Amino acid sequence: MSTATTTPTSTAPRPRTIDISQDEPVPFGRLVAVETRKAFDTRAGRWLTISIVGLVLLVVGVGVFAFPEDAQDYVDMLGVSGGVLGYFLPILMIMLVTSEWTQRTGLATFTLEPRRPRVIGAKIAAGLGLGVVVLAIGAAIAAVGVALSPVNGGEAVWNLGVNEVQNFLLTSLIGVLVGFALAMLLRNSAAAIVAYFVYTFILPAVAGTLEALVDGFDKVAPWVEFNTAQTPLFTGDYHATGEEWAQIAVTGTIWLVIPFALGLWRLVKAEVK
Amino acid sequence: MIEVNGLTRTYGGFTAVDDVSFTCEPGRVTGFLGPNGAGKTTTMRVMVGLTPATRGTVTIGGHAYRDLPNPGRHVGVLLDASAQHAGRTGREILSLGARTMGLPDGRVDEMLAMVSLSDAEASRRMRNYSLGMKQRLGIAHALLGDPEVLILDEPANGLDPAGIRWMRDLLRGYAARGGTVLLSSHLLNEVELVADEMILIGRGRIVARGDKQSLLAGGADGGRASTVVSALDRDALAEALHQQGYDATPEGSGFRVAASTADVGRAALEHLVVLTELRNGSAGLEDLVLELTSDTQREAAPAATHDTTGAAA
Chain P
108 MSTATTTPTS TAPRPRTIDI SQDEPVPFGR LVAVETRKAF DTRAGRWLTI SIVGLVLLVV
168 GVGVFAFPED AQDYVDMLGV SGGVLGYFLP ILMIMLVTSE WTQRTGLATF TLEPRRPRVI
228 GAKIAAGLGL GVVVLAIGAA IAAVGVALSP VNGGEAVWNL GVNEVQNFLL TSLIGVLVGF
288 ALAMLLRNSA AAIVAYFVYT FILPAVAGTL EALVDGFDKV APWVEFNTAQ TPLFTGDYHA
348 TGEEWAQIAV TGTIWLVIPF ALGLWRLVKA EVK
Chain E
893 MIEVNGLTRT YGGFTAVDDV SFTCEPGRVT GFLGPNGAGK TTTMRVMVGL TPATRGTVTI
953 GGHAYRDLPN PGRHVGVLLD ASAQHAGRTG REILSLGART MGLPDGRVDE MLAMVSLSDA
1013 EASRRMRNYS LGMKQRLGIA HALLGDPEVL ILDEPANGLD PAGIRWMRDL LRGYAARGGT
1073 VLLSSHLLNE VELVADEMIL IGRGRIVARG DKQSLLAGGA DGGRASTVVS ALDRDALAEA
1133 LHQQGYDATP EGSGFRVAAS TADVGRAALE HLVVLTELRN GSAGLEDLVL ELTSDTQREA
1193 APAATHDTTG AAA
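Taken in sequence, the protein lines are chains P and E.
Position 23 of the first sequence, counting from 1, maps to 130 under our numbering, and the rest follow consecutively.
Position 238 of the second sequence, counting from 1, maps to 1130 under our numbering, and the rest follow consecutively.
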């Protein structure tokens, strides 16, 4: 090849501006579809989802044969599958956010849609959509579990009420959003997952220990620890009193609203590396 | 098409990009040249909104990047070909981009064909890609939306010689059709063959700009001719040069003369001196680049033998 560098091209004036008057912004639905696809198009994402459903299946299966008879009703079965989902769904959500940084896909994602809150919104929508589907599968598996309980000499008890469904959805949603907030704050898969498990396992344990050791802490704990505050939602009569809702609101502000707002702010400001 | 105005980006006390201004014209390839860490990547990242500017503005086609409703359809970006999920296949990476931009899936196949990635290669996962394959995929990703502007950071990195030529032809053709290309490199020979205009950057500041000729003219020798010559009879050559009034300084076995090779040859002919060597001794572009960025280099540049200070732009 010759070393000529200045082959003259057409001298016609070229447009120096880009006409965007006909442009449509990237529709939100399309962003959601792309983000949903991202949760499945890698082996890690696909197997995480499959493992979660498989684990629910396993736990309910064990429940049918091994639970005492009075724990084979639908609410208990749902509680078991909900527990499994509650721990693993947030991991799915965390990965949706943190992989943009740890795998550096954010370079492409945020150049194709520079309005970052829209991308985050799409991730939340995609994550919740996935969450609902997995929860529905979990509920269906639990139903099969209940239907099968006569095999073990039990009785199929269908005792699901509005409160149970509402609380089940609410606590799952809270877990997923807390995971999301931690992911935005930390932007690192391992750190965010560890932080989530500290939040969900260690904090309630610490609160419980303090309640046992420190006089009067049982009055304070529901006002400062989110998991403790949520306990009335999935125990007893599945009904939270006005004070208990207030505790959920207060701890929710501390553990969800503030971290979420801070995380979103950091993510919008952050350099995408 | 791309207008950078007084762009500055600082990190604490460190200034990565220092009051940089330049323009990239449509129909031209603009080369962004400088040593590692000179601020090329930071400048490009600010252009596409990945890094906020501390001061200054960048517009592309008259708009801030974040104001483009569907930027992928106007601006093709390749900042780091390795920045893709290791577990995704090449085809999947393009599909995600095509879907975000609202392009038909057929566009993915077109682009794969254009960058010569076979079906088998496209269905491999990124972690199994060579750097050259990643670069081709990155180029395909940048061209997906048929953009008017291309911003490419070190696109030739990892390409084999055939790949580099392919890239060069691709970018020349793209610019000839009216596209605007900004490509960065730390390797001069990657840039000088393709760029209509070069912007030299060192330690965050633009140190020179222009096409190859004007850079050379403003460079080390200030455009003055310089010839290296030696002869069988060294004294006769010295005498001949002296009589013609040329300023000759001994160098190696001969002389360096402040005159063109034609003039020196003519002087030798008139004085019947047998030459053993006659060549252009002007500093090449490479010397110039090293020299211009020498005080910004990490290593002292031994190749920059001229002690003339660089032409600050």
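Glycine included, C-beta positions come from ideal geometry on N, C-alpha and C.
No experiment lies behind these values; they were computed from the predicted model shown.
Distance from the CA of E:L1108 to the CA of E:H1078, rounded to the nearest whole angstrom, comes to 18 angstroms. Taking the beta carbon of P:S206 as reference, the chain E residues within 9 angstroms of it are H977, listed in sequence order. Sequence-ordered contacts of the region 147 to 174 of chain P with chain E read D148, T149, R150, A151, G152 [C-beta pairs closer than 9 angstroms]. Three or more Cβ pairs closer than 8 angstroms define a contact, and the region 1116 to 1123 of chain E meets that threshold against the region 1167 to 1180 of chain E.
Residue ranges of uninterrupted alpha helix (DSSP H) with 4 or more members, entirely inside the region 1095 to 1137 of chain E and ordered along the chain, are 1104 to 1109, 1126 to 1135. Cβ atoms of P:L219 and E:P963 come within 8 angstroms of each other, at about 7 angstroms. Distance from the CA of P:V269 to the CA of E:L986, rounded to the nearest whole angstrom, comes to 45 angstroms.
Bounds of the beta strand (DSSP E) holding E:V912 are 906 to 916. Of all residues in the region 952 to 964 of chain E, only I952, G953, G954, H955, Y957, R958, D959, L960, P961, N962, P963, G964 place a beta-carbon less than 8 angstroms from a beta-carbon of chain P. The criterion of a C-beta distance shorter than 7 angstroms is not satisfied by P:A290 and P:V139. Within the same chain, Cβ atoms closer than 7 angstroms to the Cβ of P:G193 are found at T278, S279, G282, the five residues on either side in sequence being excluded.
P:E142 has a beta carbon lying at 7 angstroms or more from every beta carbon in chain E.
DSSP places P:G359 in no beta strand (DSSP E) but in the uninterrupted alpha helix (DSSP H) bounded by 349 to 359. Non-local C-beta neighbours of P:I248 in its own chain, meaning closer than 7 angstroms and more than five positions away in sequence, comprise V163, L164, V167, S188, ordered along the chain.
P:A319 and P:H346 have their C-alpha atoms roughly 25 angstroms apart. If you compare the alpha carbons of E:D959, E:M1018, E:T922, E:G931 with that of E:V940, the shortest gap goes to E:D959.
Under the three-state reduction of DSSP output, P:P311 falls in the helix class. Closest by C-alpha distance to P:S128, out of E:G1030, E:R937, E:G953, E:Y903, is E:G953.
Any Cβ of chain P closer than 7 angstroms to the Cβ of E:T949 would place that residue at the interface, and such an atom is absent. Under the three-pair Cβ rule at 8 angstroms, the region 234 to 241 of chain P does not count as touching the region 917 to 925 of chain E. Under the criterion of beta carbons closer than 8 angstroms, E:L1009 and E:M1025 qualify as touching, at roughly 7 angstroms. Here P:V240 carries a helix assignment [DSSP, helix/strand/coil].
DSSP lists E:L1042 as the beta-bridge partner residues of E:G968.
Restricting attention to E:V1073, E:M1090, E:G898, the CA atom closest to the CA of E:L1044 is found in E:V1073.
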